[in-house]
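Peer 1: Line by line, the protein sequences are chains W and V.
Sequence positions in the first sequence follow numbering that gives the first Met the number 0 and run 0 to 892.
Sequence positions in the second sequence follow numbering that gives the first Met the number 0 and run 0 to 328.
Dropping a structure here in structure tokens format, bear with me for questions.
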Amino acid sequence: MKFKTKLNVILVLVAVTTLFIGVVISFVGARNVLNNRLKAHLESVVMLKENSLKNFVRSRISDIRLMLKDRHYIKIFLESSKAERRNILKERLFFKKGFIEFFILDLDGQISVSTDENQEGKIKSDENYFNRGKVGPFVQFFYYDISLQQPAMTISAPINDDQERFSGLLIGRVDLKEISAIMTERTGLGETGETYLVNRFNIMVTESRFEKGLALKKYIYTQGVRDCLKEKRGFALYDNYRGDPVFGFYDWISEIEVGLLAEISQKEAFGPIQQLRNIIIIAGLGIVIFIIICGSWFSRTVSKPIEKLIEGIERIDNGDLNYRVELKTNDEHKKLAVAFNQMTDRRQLSEEALKRSHDELEIRVAERTVELANINQQLKQEVKERKQAEKEFEDIFNLSPDLVAVCTTEGKFLKVNPTWEKGLGYTQKELLDLGWAKLVHPDDVEKTNKEVENQLKGRSLVNFVNRYKCKDGSYKTFEWQASFAKEGIVHATARDITERIRAEVALRENEEQLRQAQKLESVGRLAGGVAHDFNNLLTTILGYTELIYMEQDLNDTTREGVQEIKKSAERAASLTQQLLAFSRKQILRPQQIDLNKLIKNFRKMLTRLIHENITFSMKLDTGIGKIKADPVQIEQVIMNLAVNARDAMPDGGTFTIETHKVHLDESYRQEHPLVSPGDYVLLAVSDTGHGMDEETMDYIFDPFYTTKGVGKGTGLGLSTVYGIVKQSEGHILVYSEPDHGTTFKIYLPAIEETEKQQESLPENRDVMGGTETILLVEDEESLRKMAGKILEGYGYSVVAAKSGLDALAILSESEQLKIDCLVTDVIMPEMGGKELSKKLLEEYPKLKILFVSGYTANVIAHHGVLDKGVSFLQKPFSPQSLAEKVREVLDEG
Amino acid sequence: MNKSILFTLAVGVSLIFGCTETQSDNKDKKEITVKLKYFHQAQFAGNYVANEKGFYADEGLIVNLVPFSAEESGIDAVLNGNAVFGITGAIDLLVARAQGLSIKSFAVIYKTSPICAYSLKKSGIIRPQDFIGKTVGLEKAIDIEITYSVMMEKLGIDRNQVEEVRIGFDATDLLAGVVDVATGYIINEPQQAIEAGQEINSFLMAEYGVNMYADVLFTTEDTITNHSELVERFLRATLKGWQYAIENEVEAVDLILKYATERTKKSEAYMLRASIPLIHKGNSPIGWMENAEWEKIQNILVEYKILEKKIDMDKVRTMQFLEKIYNEK
């Protein structure tokens, strides 16, 4: 090691050690002082905030208490009108700071009046502020209030009347923004300091100074919060909820059930110490630099001349004969240098002469060598570039997802890329043998040839589309781009767009299906509403015509007339029934049914329906299991489809009913978005008739749309089918081609068999009367009278009432009256049928009940399905069906 | 000498990192399936966040979140072993339990029922009393029908004076004017009407004294008894996921959209914002269940004859996991 370096190292070491010891001692001392001062400062901030917080909450509680001590307010709260009470609350809200709502709860916990009218009527009986506020002032601290849709605190206190009886609760909602404001106001905690509150679930309940929207959202698990939630008071250093190292002071305020934390960033808190440290470091560095400069100057005067002489000897030894030693001093060192320089002069002269002749030769050889090297380099570069270009072309050709080919205009391939093999299924060799012309779809040959001719004229081909035959016989659609290369040769790329075209078609179909379904839905609602009103009218018409018909002394003309009225009314009733079916408002009685069995039983009926020149064929799959549906409605579906099939084949043909079990998966749903995936039973009904065009298919499910001649069809047949299938949670599709026939495919959800159920319908029997007493409740007078007459005609004693309340009044007046059966309308003013039946069942648990309604409105049925044990008769009804149903109800176990 | 220091450092560093690496690898990962109550949407934000932020992975779990399917209900999926955990309605759980199916809830997500009624602002309908003389559309769902019935009875409103009709699971009928009031879930259905450009009034039925727990987490009794530590790990990560979603709404919406690929950012942001107050009010821990609330639902179901008799509450829910997790915090 050099003398100069040694000297410098020693000086620096001494200086740095002294400096370090000095800094550590002063730093530790200052830090301790600061720590203590910070602790005292934070503690006083916490106490200050704690006091203003407690004061704020206490003042709000006393605001409420003072109002309730004032007899004037109590009197208004208990005796005045709602409007007056609301006004006085609004007035108080205006004058009282810190509240956002006042309201009064009645004895049941319902808001009877509030400064916010929208809150009136809400029920708060489950809230703590109701249950615990009954006995004295209660505060529900810090929570997100659903009614207000903001964080709040709620104070409640009982309203007691003159006799100190509990008569309700006065509630005030405190705005937590006020408390956040108290907490976020700066009070000497510097730039980074903040105070906030945390509840016992580690949730920050006030806003942060640094980030909006944290109140009641931010969970904090810092050391400060953990210690604080142990209901302690103290001081600690830790990382806060934002990840900054802080000094924190915390205190648990049990009165408000909340922890208060005051924190200041360690960086800011230690600011003064940091400054001190920086000054010491800068001063120290200054001293070190000063020592290094002094040291170098001293060593320089001693060692520099010797170093220069040594350097001179070394350089001349290495051949640098121009070098001369120069010294600025004037001592012994200088004389030594002069002698040395003279010796160098002499040696230099002799060496220079030798060198000149040698150099000339060297230069000529070098020039020639450079020329040769350049030529060689140029050749190498050219070969490399060509190889690169070939590789690029080969890669692009092989990797392209499009089909790329070099072909002749004569119809041959010269070169094809591997994508062709994947696309069409032929090997490259087969393709080269076959040529492209043989693969073009026969229908596309003409336009393809035309394009090739264009090519010969030198035009390029853009987005030309045609179809190519695959090895498996199928066709794929390609979109071509090509350019003319040279005589008879074309460069072409093709993209397989078969999938894209298929997807576009599928998408258009989906949109169409959806639009159709929506249209039918809205028409259905309209139809359902109309049918409801018609039913009531028709019940009266039918009932009275039947009564008139039963009269003995009618002449034949009248009898015939009545007969015609009855027939027409019945046709109208059947029409409204179909409308109800279409609008899915009719009551279904679903049961587990074996569709195959149903079809077999129905076969005779169908054979009668279709003409003799039509062949009836059934292909029933035995493994289809069961479906859940209303058998009568499914028969209706089959019958309507059979009638349509018959009318479509006036010259004969084949009518086929098929069943299959099918599983519809996710891919099926993509084509038919209204169908949910799962197991279904498919019922397919086909004919070989004249079929339909696409326009007709768009409308066939619309009510009153018919292709049959005027007066021949109602236009409701297929609408009814649609309604029933939809209500049975099924799905219907139609396929048809003009002159080939039509197939309706109905998918009904398959079920797993769970319970044995009787499948047979109750058999017909002779209508029998009885002598039991029947309570008949119906609000429409004409209907009530008519039903009364019918039932009396069958021998029953009838007690009639015009409403639920009326019925109860009649029963309470005559205690001896024994009622066997209640026949009631469902929807009536004051008290409906359901409520009445509930009341009566309490008194007569064995009472039989029959509901009558034109419209279900879901009142007695859940999801349009009847509960077990509840009987129901649809309006309009015939006298016979009423009597039958009443007997059936009375005879039930 | 310099080289040897570098070498020592390199060895030291690789030892430290090497150790942590092998530790996390050794923890055997368990793959489980969770069946959701509905299609992928913000309703299950906590689960998505737990998955995407690695909370499940931290608990040694690989979790497949499977949406609702018509073929197999969540309860069936858990009982058949096709899923370990499920999310279902509290009512459905009670009904299944009454049928003897051995499943149990271990946390509630929606403490406040999202069932609401909503109407066009211009109709002036703001509370159930305004339904009289109007047409109310009811969705075909057991929870909505029960909540509606209890509310109307509790308020003493005569249902004969209200026209009640069936509607689908969206705002279509309200917008078409078929009904004056629609019922549904407040977390998405009113938003459809708002997006259609309408001003809306809505209120939660829970505000009229009929609050019932909605979404609850459940599994089989066997899992609870024999794999309790699995339930604990799953629940801890799920709760953490919900906490994160509540604290970081904007980021959570992006994570939700990774699953709910057919939804818009707007719709999921609305759903998450509307859901948070129903899940978390700040005055009890996320997921925490109250016995009284379960009893209340049960009493309503018994009163409406949906349950024949009361069930022992210890068979319906367990607090052991929530208590353990929150005691450790």
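Beta carbons: idealized from backbone N, C-alpha and C, even for Gly.
Note that the coordinates shown come from a computational prediction; the quantities given were computed from them, not determined experimentally.
1) Excluding sequence positions up to five away, which residues of its chain have a Cβ less than 8 Å from the Cβ of Ser-616(W)?
2) Pick from Glu-891(W), Val-364(W), Lys-216(W), Gly-794(W): whose alpha carbon is nearest that of Tyr-143(W)?
3) Please go through the same chain and pick out, in chain order, the residues whose beta-carbon is closer than 8 Å to the beta-carbon of Leu-77(W), but skip the five residues on each side of it.
4) Under the three-state reduction of DSSP, which class applies to Asp-469(W): helix, strand or coil?
5) Leaving out five residues before and five after Thr-538(W) in sequence, what residues of the same chain have Cβ atoms less than 7 Å from its Cβ?
6) From Met-830(W) to Pro-844(W), what distance separates their C-alpha atoms?
7) Does the distance from the CB of Leu-119(V) to the CB of Ile-186(V) come in under 9 Å?
8) For the segment 48-57 of chain W against the segment 169-182 of chain W, do three or more pairs of beta-carbon atoms, one drawn from each stretch, fall closer than 8 Å, so that the two count as touching?
9) Would you say Asn-298(V) reaches chain W, if we count a Cβ-Cβ gap shorter than 9 Å as a contact?
10) Let me confirm a value: Thr-770(W) is counted as buried when at least 16 other C-beta atoms fall within 10 Å, else exposed. Which label applies?
11) Would DSSP call Arg-232(W) helix, strand or coil?
12) How many Å lie between Gln-577(W) and Leu-715(W) at the Cα?
13) Determine, for Leu-579(W), whether the minimum Cβ-Cβ distance to residues of chain V falls below 9 Å.
14) Can you list the residues of chain V that Tyr-843(W) reaches, using a CB-CB cut of under 9 Å?
15) How many Å lie between Glu-893(W) and Val-164(V) at the Cα?
16) Please find out if some non-hydrogen atom of the ligand GDP comes closer than 8 Å to the beta-carbon of Val-733(W).
17) So what does DSSP say about Trp-287(V), is it helix, strand or coil?
18) Could you name the residues of chain V that Ser-675(W) contacts, counting a contact when the two beta carbons are closer than 7 Å?
19) Contact criterion: CB-CB distance below 9 Å. Does Ser-201(V) meet it with respect to chain W?
20) Report yes or no: is there a C-beta of chain A within less than 9 Å of the C-beta of Pro-66(V)?
21) Identify each residue in the segment 224-255 of chain V for which the Cβ-Cβ distance to at least one residue of chain W is less than 8 Å, and report them in chain order.
22) Do you know offhand how far Glu-883(W)'s Cα is from Ile-156(V)'s?
23) Excluding the 5 residues flanking Lys-470(W) on each side, which residues of the same chain have their C-beta closer than 7 Å to its C-beta?
24) Hey, Val-22(W) and Ile-279(W): beta-carbon distance below 9 Å or not?
25) Please report the residue range of the beta strand (DSSP E) in which Pro-748(W) lies.
26) Taking 9 Å as the threshold (beta carbon to beta carbon), is Gln-222(W) in contact with chain V?
27) Go through its chain and collect everything with a Cβ distance to His-730(W)'s Cβ below 6 Å, but skip five positions before and after it.
28) List the residues of chain V that Ile-202(W) touches, going by C-beta distances under 8 Å, in chain order.
29) Taking Ile-219(W) as the reference, which of Gly-803(W), Thr-183(W), Lys-5(W), Leu-260(W) has the closest Cα?
30) For Gln-480(W), which residues does DSSP report across the bridge?
31) Would you list, in chain order, the members of the segment 30-50 of chain V that have their beta-carbon closer than 9 Å to a beta-carbon of chain W?
32) Are the segment 232-251 of chain V and the segment 131-146 of chain V in contact at 8 Å, needing three or more beta carbon pairs?
33) Under DSSP, the beta strand (DSSP E) around Trp-251(W) begins and ends at which residues?
34) Are the segment 79-90 of chain W and the segment 131-142 of chain W in contact at 8 Å, needing three or more beta carbon pairs?
35) Between Ala-39(W) and Gly-189(W), what straight-line distance do the alpha-carbon atoms span, to the nearest angstrom?
36) If we ignore side chains and look at the alpha-carbon of each, how far apart do Tyr-667(W) and Glu-70(V) end up?
Peer 2: Well, looking at it:
1) Thr-653, Phe-654, Thr-655, Ile-656
2) Lys-216(W)
3) Ile-158, Asp-160, Ser-166, Gly-167
4) Asp is not the amino acid found at residue 469(W); the sequence shown has Cys there. It is coil, neither helix nor strand.
5) Leu-782, Lys-874, Pro-875, Phe-876
6) 20 Å
7) no
8) yes
9) no
10) exposed
11) strand
12) 7 Å
13) no
14) Within chain V, no residue comes near Tyr-843(W); the closest Cβ sits about 19 Å away, beyond 9 Å.
15) No answer is possible for residue 893(W): it lies beyond the span of chain W, which begins at 0 and ends at 892.
16) In terms of ligand content, the structure shown is empty, and the ligand GDP therefore cannot be addressed.
17) coil
18) Ala-69
19) no
20) Structure shown: chain A not included; protein chains present are W and V.
21) Gln-242, Ile-245, Glu-246
22) 36 Å
23) Leu-423, Gly-424, Tyr-425
24) yes
25) 740-750
26) no
27) Val-674, Tyr-746
28) Gly-281
29) Leu-260(W)
30) Thr-492(W)
31) none
32) no
33) 244-252
34) no
35) 15 Å
36) 15 Å
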